Structures are given as C-alpha cells and as structure tokens.
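In my numbering, the protein residues as written are 1 to 138.
Below is one structure, written out as structure tokens, with a few remarks after it.
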Amino acid sequence: MVQPKFGLPRTHKILKADAYASALCMRVCAQTPQFFLHFCAHTLKNEQTHPRPQLGLIVPKKLSKHAVRRNTIKRLSREYFRQHQADLPNGLWALRLRSNINQLPLCANQKKQWALQIAQLFEQGKQFALEYERQKNV
C-alpha cells in the first residue's frame, strides 16, 4: 500500500530572500502571544509570482534553542497551511516566532496550544487579506 505524501510542495513555499523581504516589509496582519503573521498580496508586475498562497517560516535559533521545538513549530505550521491553503487568498504568508520558547515544556498540551495559535493567526490573517483585497478593488 502506498503512503500518501503529506508534505508541502516547493511551489507552495517561499524560497527566495527577496520574497521573504517583501512579505516581512508588510505590516503584521495577525499576532498571538508567540507568533506574528505577515501577508503580502501578489502583484502582477512580478513575473515570478505564482497564483497561489505561499508559506514562509521564520523560527530563529535565538528564540528557540532546541531543534526539536523549531521543527515542531514548522511542522504544525506547514500542516495547517497544507490543509487550509484552498481557503487562503493568494499571496505570500510569512509566519514568524516572536517570543522566546526555550523555557516552555515540550508536551502534547503545548503542541496543542501552538496549533491553536497558528489556526487563530491564519483566520485573522485571512480576514485581513480579504479586507485588503476589498479596499484595493474599490
């Protein structure tokens, strides 16, 4: 039996530094106590943009010393994005860790809290992006 692939394809990831810079120069569209979410709508002038939402993750070693924590946050973020990308507006989505998580216990309850915060972020971000598109079209 063939296992289904649950990864996020390269076309759905932000790969270039200038794309990260574009997303991060936009103001924060959603925030929780531990994360920021930035959104940058695709422009027609840019030839390299794809008409789909793309995800970029910034989880610095300074704020999360252990690779297990960094990878957990990335895994939770990618999984949420993979399951809900059809609902998200097209553009660059950059999720950034904002607070130090070195002292937090890495247990199932903490992972659920992070997953809940990530879901809240993207719901707030989706509302922001829809309002941005509405204002742009007026």
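Where is the CB? At the ideal position from N, CA and C, for every residue including glycine.
These numbers were taken from a predicted model, which means no experiment stands behind them.
Within a Cβ cutoff of 8 Å, which residues of the same chain sit near residue i, ignoring the five residues on either side of it in sequence?
i	result
W114	Q34, T72, I73 and L76
S99	P33, Q34 and L63
A129	C29, F39, A41, L88, P89 and G91
In terms of alpha-carbon separation, which member of the options lies closest to residue i?
i	options	result
I14	C40, I118, G125 and A67	C40
G56	Y20, E133 and Q120	Y20
L37	E133, F122 and N137	F122
For residue i, does the three-state DSSP call read helix, strand or coil?
i	result
I58	strand
C29	strand
E47	Reliability of the predicted coordinates at E47 is poor, the pLDDT of 45 falling under 50, and the value obtained from them is presented with this limitation in mind. Reduced to three states, the DSSP call for E47 is coil.
G125	helix
Q130	Before going further, note that residue 130 is Leu rather than Gln in the sequence given. Three-state result, L130: helix.
D18	helix
Across which residues does DSSP place residue i in a beta bridge pair?
i	result
C40	L92
K13	L55
L97	F35
Going along the chain, which residues of its own chain have a beta-carbon closer than 6 Å to the beta-carbon of residue i, five neighbours each way excluded?
i	result
R82	L8
N46	At N46 the pLDDT is 49, less than 50, meaning the model places this residue with poor confidence and gives no usable figure here.
Identify, in the order they occur along the chain, each residue of the same chain with its Cβ nearer than 7 Å to the Cβ of residue i, setting aside the five sequence neighbours on each side.
i	result
I101	Q34, L63, S64 and R69
V59	R70, I73, K74 and L97
C25	none
Just to check, is the beta-carbon of residue i closer than 7 Å to a non-hydrogen atom of the ligand NAP?
i	result
A30	For the structure depicted, the ligand NAP is absent and the ligand set is empty, with no information on it obtainable.
If residue i sits next to residue j, beta carbons under 8 Å apart, how far is it from one beta carbon to the other, in whole angstroms?
i	j	result
H12	Q85	7 Å
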